[in-house]
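To keep things clear, I will list the structure first and then write my remarks on it.
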């Protein structure tokens, strides 16, 4: 099994953008991440707007980061402070393996 984990963050759009700005500003140390809009519901999601209560979910951003466990722990500690009071949550899942695809020019050699 890889020493990497996947840190999942479920955040309001503004907080998702703050986190991606933070990652990009720091160079992210080779961290792989993606950001996707999702319809969220759960114990860490507050349905604040009337529309959210009618629909039964809130529009959030799901930010997934693949990184070494130690780096995920440090980042999560920082985000706990940076995102205090934000409506959202997080979880960590193991990564069995991680890798990349070579560009076509390299693969042909």
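Residue numbers (the UniProt record's numbering): 1 to 109. Beta carbons: idealized from backbone N, C-alpha and C, even for Gly.
- Approximately 5 Å separates the beta-carbon atoms of residue 34 and residue 64; this is inside 8 Å, confirming the contact.
- Counting the other CB atoms within 10 Å of its CB gives residue 12 a total of 16 or more, which places it among the buried residues.
- Between residue 58 and residue 81, the gap from beta carbon to beta carbon reaches 7 Å or more.
- Within the same chain, Cβ atoms closer than 6 Å to the Cβ of residue 7 are found at 65, 72, 92, the five residues on either side in sequence being excluded.
- Sixteen is the threshold: when 16 or more other Cβ atoms of the shown chains lie within 10 Å of the Cβ of residue 15, as they do, the residue is buried.
- Residue range 69-82 is occupied by the alpha helix (DSSP H) that includes residue 70.
- A residue is called buried when at least 16 other Cβ atoms come within 10 angstroms of its Cβ; residue 36 does not meet this threshold and is exposed.
- Counting along the chain, the unbroken beta strand (DSSP E) around residue 40 starts and ends at 32-40.
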